[in-house]
Amino acid sequence: MRINHNIAALNTYRQLNSAGNAQSKSMEKLSSGLRINRAGDDAAGLAISEKMRGQIRGLDQAGKNAQDSISMIQTAEGALNETHDILQRMRELAVQAGNDTNTGTDRGEIQKEINQLTSEINRIGNTTEFNSQKLLNASAGSVTAVSPAVAGNYTLTLSAAFGNGEKITIDGQEFTANTTAGTTNATTGVFASDTAGNQATNLKAVIDGNATLSAKYTVTVAGNNLTLVQKAGQESPTGPVVSDTGATANATQTTNTAGKLREEAKSSFSTQIGANENQTMTLDFTDMRAAALGITGTAAAAGFTAANTVTDGTDNNANEAALDVSTAANAGNAVTKIQAAIEKVSAERSKLGANQNRLEHTINNLNTSSENLTAAESRIRDVDMAKEMMNQTKNSILSQAAQAMLAQANQQPQGVLQLLR
102 MRINHNIAAL NTYRQLNSAG NAQSKSMEKL SSGLRINRAG DDAAGLAISE
152 KMRGQIRGLD QAGKNAQDSI SMIQTAEGAL NETHDILQRM RELAVQAGND
202 TNTGTDRGEI QKEINQLTSE INRIGNTTEF NSQKLLNASA GSVTAVSPAV
252 AGNYTLTLSA AFGNGEKITI DGQEFTANTT AGTTNATTGV FASDTAGNQA
302 TNLKAVIDGN ATLSAKYTVT VAGNNLTLVQ KAGQESPTGP VVSDTGATAN
352 ATQTTNTAGK LREEAKSSFS TQIGANENQT MTLDFTDMRA AALGITGTAA
402 AAGFTAANTV TDGTDNNANE AALDVSTAAN AGNAVTKIQA AIEKVSAERS
452 KLGANQNRLE HTINNLNTSS ENLTAAESRI RDVDMAKEMM NQTKNSILSQ
502 AAQAMLAQAN QQPQGVLQLL R
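Residue numbering for the sequence shown follows this note's numbering, starting at 102 and increasing by one per position.
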């Protein structure tokens, strides 16, 4: 019998410590609700769950960003709603001014209201802002300057002489070839093609005599080539649509410079709609002031007032000329320009509405992703309370049993005293 080392007591003590530590960890998990309270609990699980937590918080913040972007869109769209109402009133006034039952004085009063309404459109454009950033005057965010219209330049090569009765169609306007010299007639659309050398000149003559095409293109001739250049106001990315019928293909079209529509200045704002880099969306807000809408111009220019009558809406300094309604003809021109402005505002509002709808779907997707990722992170990080309570109960019983056995082990050395009697 040995008393210097009580092996039974040492073994029981070790088991008691082990049960105590296990019980302590179970109590920690139950009190925190977490399976992983420190890296030692599950090193790999901690790393994975922390990455998930970053994604979850990023997704939640991206959803808030998207909602802020919707608020920005709604601010701009709400302002344009008022611009629409103003333009509708201006159109109504222009129609009224077009009636010769009005005297010059009457039209002068109508002009006053048009001047003020146009100034108000400028004020809305110059003062509408979200979080101190202007939205409708192309001065905040990433600004893109005005891109002027570009006239398209197209060459039509007549590679062979047209046969008698063969036709060529340009933008829906049909012209017929005649092989008899001197038969070119712009009214009937017949052009002489008696020789390959002069048919281009003859075709130019009938194009120039066609009201539709002559309004759209300036035509020049060099040999067998006709060059059609879009006129001011007719700029378009679509060139002339040409087809010819006959035994052979006589006309070939070449694009020298593609046409381009005018694009107004705009402000662009990037919105972060994802949890990671480059998960962004760009919101564009076009300049919606009077000049960009085409309802102001230079004083004394055709269709505009003789003097500047429109302010920028923030002071009383007139620096633009309003649409002139002093005559029936000018009033009619004003109706057309105002209608074009209404269509521009409609297009801008439609674009903003489409962006808003997209962002609403984005928010729904972000919320779903965050929910699913949270569930996955919870399975790694959170404790199963029922299972852990079972473990805690087991460890508690083991700890109490170890304490009882340690007491018994400590009593064993006292048996040595029996040998001393």
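Note that the Cβ used here is the ideal one computed from N, Cα and C, for glycine as well. All figures in this text were calculated on a predicted structure; none of them were measured in a lab.
| query | result |
| --- | --- |
| Which word fits serine 248, buried or exposed, when buried means at least 16 other C-beta atoms lie within 10 angstroms of its C-beta? | exposed |
| Along the beta strand (DSSP E) that carries valine 196, what are the first and last residues, could you check? | Premise fails: valine 196 lies in the alpha helix (DSSP H), 144-198, not in any beta strand (DSSP E). |
| Can you give the Cα-Cα distance for glutamine 331 and isoleucine 308, rounded to whole angstroms? | 13 Å |
| Expressed to the nearest angstrom, what Euclidean distance is found between the alpha-carbon atoms of glutamate 378 and glycine 134? | 33 Å |
| Asparagine 434: which of Thr387, Ala246, Ala448, Leu194 sits nearest, CA to CA? | Leu194 |
| Is it true that the CB of asparagine 409 sits closer than 8 Å to the CB of alanine 419? | yes |
| For asparagine 216, tell me which candidate among Ser500, Gly454, Phe405, Asn496 has the shortest Cα-Cα distance. | Phe405 |
| Could you name the residues that DSSP lists as bridge partners for asparagine 322? | According to the sequence provided, residue 322 is valine. The question's asparagine does not apply to it. Paired residue(s): Leu327. |
| Rounded to the nearest angstrom, what separates glutamine 380 and asparagine 456 at their Cα positions? | 16 Å |
| On the CB-based measure, 16 or more other CB atoms within 10 Å of its CB, does valine 517 come out buried or exposed? | exposed |
| Along the chain, where does the alpha helix (DSSP H) that runs through aspartate 309 open and close? | 300-309 |
| Which residues bound the alpha helix (DSSP H) around glutamine 509? | 486-512 |
| I need the straight-line Cα distance from threonine 204 to alanine 352, nearest angstrom please. | 56 Å |
| Starting from the N-terminal side, write out each stretch of the beta strand (DSSP E) that is 3 residues or longer and does not extend beyond the region 408-442. | none |
| Using CA coordinates, which residue listed in Asn473, Lys268, Asn223 is at the minimum distance from threonine 397? | Asn223 |
| In the structure shown, what three-state DSSP assignment does isoleucine 396 receive? | coil |
| Whose C-beta lies closer than 7 Å to the C-beta of leucine 218 among residues of the same chain, with five residues either side of it excluded? | Ile187, Arg190, Met191 |
| From the DSSP secondary-structure annotation, give me the bridge partner or partners of tyrosine 114. | Answer by DSSP bridge pairing: none, since tyrosine 114 is not bridged. |
| Rounded to the nearest angstrom, what separates threonine 302 and glycine 334 at their Cα positions? | 26 Å |
| Using DSSP bridges, identify the partner residues of alanine 278. | Phe292 |
| Whose C-alpha, out of Met173, Ala167, Asn286, is nearest the C-alpha of arginine 450? | Met173 |
| Have a look at leucine 181 and asparagine 238 and give me their C-alpha separation to the nearest angstrom. | 12 Å |
| In three-state terms, what does DSSP make of alanine 333? | coil |
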